[in-house]
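Chains as they are written, first to last, in our numbering: chain A, 3 to 282; chain B, 3 to 282.
Every residue gets a Cβ at the ideal spot worked out from N, C-alpha and C, and that includes glycine.
Nothing here was measured: the structure is a model prediction, and the numbers come from that model.
Accompanying notes for the structure given below.
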């Protein structure tokens, strides 16, 4: 029996063309419920929290859309903070027309850039004043090294982007829109920074545990191998190999992780739980 | 004598505030003429040639500027080629209003992102047809891995961005605008890819040659050390240390480099020329 059936090639825009290809094999034992995933709002907040560079789209005098590179900080509710000079075109655009959107993209590294996460925050840019100005300045300075050197020059204004509409694309076939309230209420994933290391470590040193998770917790009782492809505060994404072909699946942590260093203990609990199921 | 006078802190928008700080020390011997630098058009072409990911600014139904992540290829005249689906908002925006701009940013790596190169190309996006469509498709496929898998779906259109206006920012205090004709006529720097390695190699293994270049060719006869900060088809950027402080300077190749592997021989010629001046 060979094991070469890969999941069907994805349409990068999420709409599968009519096809007769079989899908990936289902689990052999029913799994209670879908494992929780980050919402679009959480994905967006996580991407925005993970960078300090973005592209701003504003409107030039003649209404032409004008894109420009910016650095940004983030307020507690996820609102981006910009610090722009009227010597730059974007800094002259916003006082005339505050409509703007901000695009933050994760770095694809060696991966397919179309399969990488990005988010568009559309809204209006408002010059910060009063108490919010202090917050906004602190957020910008915390995010942008050396901001003190220029943000007090008279030609600079500190803006808060009032987010009205959010569009998140996570990669092939993973995308959704969300609204301002959901975006503001969501939290960035605390383990986003440590996840890539954890994924590499699990695949290198704990392939046996991943296999047990796939067999015991994801219903793939015939799995012969399992590889972790992503980790987040709610669980692990796996690709399992079975005699029936390969399939993507997911296993969930007992509780959502709330601390940046929480991936290890959550994964240990998952591994113990899988071992207990297989033993029992 | 100490050597701690750094060049004055740069205003990231290029406009120096009134200051009483002395500038960097001038050369002690007059140098014939300024060493040629890449034009804004050449800088823009080089940045565009060095990537395949960008942010597109287009106009939503209500005229709101909409930013979105895109991949692109490049025609021989530097016109970007996009391949967009009507399932995505940008793909519905352009048929309604072709005004757009495209922002390409170089990756700052560990450097200050505000000191990194980026360019905005503003113009109108036109669906490619006829012979140009073949060119555009080839350019897109050459730049975007796996493009064959989606670009023939019925919801995708291949666009050429007709560039009308170009704004280049090279980093602190280095920025300029250029027009469509200059952009189209310019060539990307053939040594852009190899330059970072060459710069590291020069600093690690040929500090003596860099010092001789600074002394003999840049007029800093009192230089005690020189570090290369950038290399391009026309020459090397150096920072020289002297008893009078540190200063940025530049030395030029005998001829502009036209081949991707041309940095080594051009630099060897520069080193020989410096040694000959000092010996003579």
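Since residue 54 of chain B meets chain A, which of its residues come closer than 8 angstroms, beta carbon to beta carbon?
Position 52 of the second chain, counting from 1, holds the residue named residue 54 of chain B. In chain order: 115.
Keeping to the same chain, check which residues put their C-beta closer than 7 angstroms to that of residue 67 of chain B; ignore five residues upstream and five downstream.
For the purposes of this step, residue 67 of chain B is identified with residue 65 of the second chain, where counting begins at 1. Excluding residues within five positions, the ones whose Cβ falls inside 7 angstroms are 59 and 61.
Could you please give the first and the last residue of the uninterrupted beta strand (DSSP E) stretch that includes residue 280 of chain A?
In the first chain, residue 280 of chain A corresponds to position 278, counting from 1. Note, residue 280 of chain A: premise wrong, no beta strand (DSSP E); alpha helix (DSSP H) at 265 to 281.
May I have the straight-line CA-CA distance separating residue 33 of chain A from residue 275 of chain A, to the nearest angstrom?
Walking along the first chain from the start, residue 33 of chain A turns up at place 31. Walking along the first chain from the start, residue 275 of chain A turns up at place 273. So the two alpha carbons sit approximately 15 angstroms from each other.
Would residue 18 of chain A pass as an interface residue toward chain B - the criterion being a Cβ-Cβ separation below 8 angstroms?
Position 16 of the first chain, counted from the start, is the residue given in the question as residue 18 of chain A. Any reading at residue 18 of chain A needs caution, since the residue's pLDDT is 45, under 50, leaving its predicted position unreliable; the model's value is listed next. Chain B contact via Cβ: absent.
Can you tell me whether residue 147 of chain B is buried or exposed? The criterion is at least 16 other CB atoms within 10 Å of its CB, across all chains shown.
Translated into the one-based positions of the second chain, residue 147 of chain B becomes position 145. When all chains shown are included, residue 147 of chain B counts as exposed.
Apart from the five residues just before and just after residue 191 of chain B, which ones in its own chain have a Cβ nearer than 7 angstroms to its Cβ?
By one-based count along the second chain, residue 191 of chain B stands at place 189. Cβ within range, chain order: 40, 44, 48, 234 and 235.
Got a sec: is the Cβ-Cβ distance from residue 173 of chain A to anything in chain B below 8 angstroms?
Taking the first residue of the first chain as 1, we reach residue 173 of chain A at position 171. Not one chain B Cβ lies under 8 angstroms of residue 173 of chain A.
Got a sec: is the Cβ-Cβ distance from residue 68 of chain B to anything in chain A below 8 angstroms?
Stepping through the second chain from its first residue, residue 68 of chain B is reached at position 66. Yes, residue 68 of chain B lies at the interface with chain A (some Cβ there is under 8 angstroms from its Cβ).
What residues in its chain sit with their C-beta under 8 angstroms from that of residue 76 of chain A, if we drop five residues either side in the sequence?
Sequence index remark: in the first chain, residue 76 of chain A carries index 74 (1-based). Excluding residues within five positions, the ones whose Cβ falls inside 8 angstroms are 50, 51, 82, 83, 141 and 145.
Identify whether residue 248 of chain A lies in helix, strand or coil by the three-state DSSP scheme.
Within the first chain, numbered from 1, the residue matching residue 248 of chain A stands at position 246. Correct three-state label for residue 248 of chain A: strand.
Closest Cβ-Cβ distance between residue 162 of chain B and chain A: below 8 angstroms?
If you number the second chain from 1, residue 162 of chain B lands on position 160. No, its Cβ sits nowhere closer than 8 angstroms to a Cβ of chain A.
Measuring from the CB of residue 235 of chain A, is there a heavy atom of the ligand ATP at a distance below 7 angstroms?
Within the structure as shown, the ligand ATP is missing, as the structure has no ligands at all.
Tell me, please, whether the CB atom of residue 10 of chain A is closer than 8 angstroms to any CB atom in chain B?
Counted from its first residue, the first chain places residue 10 of chain A at position 8. Any reading at residue 10 of chain A needs caution, since the residue's pLDDT is 42, under 50, leaving its predicted position unreliable; the model's value is listed next. No, its Cβ sits nowhere closer than 8 angstroms to a Cβ of chain B.
Taking 6 angstroms as the limit between beta carbons, can you name the residues of its chain near residue 279 of chain B, skipping five residues before and five after?
As a first step, residue 279 of chain B is located in the second chain; it is residue number 277 there, counting from the start. Closer than 6 angstroms at the Cβ level, and outside the excluded window around residue 279 of chain B, lie 218.
Let's see if you can read the secondary structure: which residues bound the alpha helix (DSSP H) around residue 198 of chain A?
Locating residue 198 of chain A in the first chain gives position 196, counting from the first residue. Counting along the chain, the alpha helix (DSSP H) containing residue 198 of chain A begins and ends at 197 to 207.
What do you reckon, are the CB atoms on residue 57 of chain B and residue 105 of chain A nearer than 8 angstroms?
Translated into the one-based positions of the second chain, residue 57 of chain B becomes position 55. Translated into the one-based positions of the first chain, residue 105 of chain A becomes position 103. Yes, Cβ-Cβ distance for residue 57 of chain B and residue 105 of chain A is below 8 angstroms.
When Cβ atoms are compared, which residues of the segment 119 to 150 of chain B fall closer than 7 angstroms to chain A?
From the segment 119 to 150 of chain B, only 120, 122, 124, 147 and 148 have a Cβ closer than 7 angstroms to chain A.
According to DSSP, is residue 93 of chain B part of a helix, a strand, or is it coil?
In the second chain, residue 93 of chain B corresponds to position 91, counting from 1. Helix.
Taking only beta-carbon positions, decide if residue 229 of chain A is within less than 8 angstroms of chain B.
For this step, residue 229 of chain A is matched to residue 227 along the first chain. Not closer than 8 angstroms to any Cβ of chain B, the Cβ of residue 229 of chain A fails to qualify, so no.
In the DSSP assignment, the alpha helix (DSSP H) including residue 184 of chain B goes from what residue to what residue?
Working through the second chain from its first residue, we reach residue 184 of chain B at position 182. Segment 182 to 187, the alpha helix (DSSP H) holding residue 184 of chain B.
Going by C-alpha distance, which of B/96, B/113 and B/271 is nearest residue 164 of chain B?
Within the second chain, residue 164 of chain B is the residue found at index 162, counting from 1. For the residues B/96, B/113 and B/271, the minimum Cα distance to residue 164 of chain B belongs to B/96.
Using only the alpha-carbon positions, how far apart do residue 185 of chain A and residue 204 of chain B sit?
Against the first chain, residue 185 of chain A aligns to sequence position 183. Against the second chain, residue 204 of chain B aligns to sequence position 202. Their Cα atoms are separated by approximately 49 angstroms.
Quick check on residue 144 of chain A: does DSSP put it in helix, strand or coil?
Counting from one through the first chain, the residue named residue 144 of chain A turns up at place 142. Note: residue 144 of chain A maps to helix in three-state DSSP.
My guess is that residue 241 of chain A and residue 252 of chain A are in contact by the Cβ rule of under 8 angstroms, so how many angstroms apart are they, rounded?
In the first chain, residue 241 of chain A corresponds to position 239, counting from 1. In the first chain, residue 252 of chain A corresponds to position 250, counting from 1. Going by Cβ atoms, the distance from residue 241 of chain A to residue 252 of chain A rounds to 10 angstroms, so no, they are not a contact pair.
Name the residues in the segment 38 to 50 of chain B whose C-beta lies less than 8 angstroms from a C-beta of chain A; which are they?
Under the 8 angstroms Cβ criterion, the segment 38 to 50 of chain B contributes no residue.
With a CB to CB cut of under 8 angstroms and the five nearest residues on each side skipped, what residues in its chain are close to residue 100 of chain A?
Your numbering for residue 100 of chain A matches position 98 in the first chain. Cβ neighbours of residue 100 of chain A beyond the five flanking positions: 126, 127 and 128.
Which stretch, first to last residue, makes up the alpha helix (DSSP H) that contains residue 42 of chain B?
Locating residue 42 of chain B in the second chain gives position 40, counting from the first residue. Per DSSP, residue 42 of chain B belongs to the alpha helix (DSSP H) from 42 to 51.
Looking only at its own chain, which residues have a Cβ that is under 8 angstroms from the Cβ of residue 216 of chain B, when we skip the five neighbours before and after it?
Sequence index remark: in the second chain, residue 216 of chain B carries index 214 (1-based). Cβ neighbours of residue 216 of chain B beyond the five flanking positions: 222, 225, 228, 240, 242, 251 and 253.
May I ask you to list, following chain order, the residues of the segment 227 to 253 of chain B that have a beta carbon less than 8 angstroms from some beta carbon of chain A?
If the cut-off is 8 angstroms between Cβ atoms, the segment 227 to 253 of chain B has nothing near chain A.
From B/80, B/180 and B/71, pick the residue whose C-alpha is nearest to that of residue 55 of chain B; which is it?
As a working note, residue 55 of chain B is residue 53 in the second chain. Nearest option by C-alpha distance: B/71.
Would residue 257 of chain A pass as an interface residue toward chain B - the criterion being a Cβ-Cβ separation below 8 angstroms?
Counting from 1 along the first chain, the entry for residue 257 of chain A is found at position 255. It does not: the Cβ of residue 257 of chain A has no partner Cβ on chain B nearer than 8 angstroms.
Among the residues of its own chain, which have a CB less than 7 angstroms from the CB of residue 27 of chain A, if the five just before and after it don't count?
Residue mapping note: residue 27 of chain A aligns to position 25 of the first chain, counting from 1. Correct list, in chain order: 244, 246, 247 and 249.
I believe residue 168 of chain A touches residue 78 of chain A by the beta-carbon criterion, under 8 angstroms. Please report the beta-carbon distance rounded to the nearest angstrom.
Residue numbering aside, residue 168 of chain A sits at position 166 when the first chain is read from its first letter. Residue numbering aside, residue 78 of chain A sits at position 76 when the first chain is read from its first letter. About 17 angstroms separates the two Cβ atoms, so there is no contact after all.
Show which residues of chain B have a CB atom less than 9 angstroms away from the CB atom of residue 60 of chain A.
Residue 60 of chain A sits at position 58 when you count from the first residue of the first chain. Neighbours of residue 60 of chain A on chain B, chain order: 59 and 67.
Tell me which residue opens and which closes the beta strand (DSSP E) that residue 128 of chain B is part of.
The residue you call residue 128 of chain B lines up with position 126 of the second chain. Residue 128 of chain B -> beta strand (DSSP E) spans 120 to 129.
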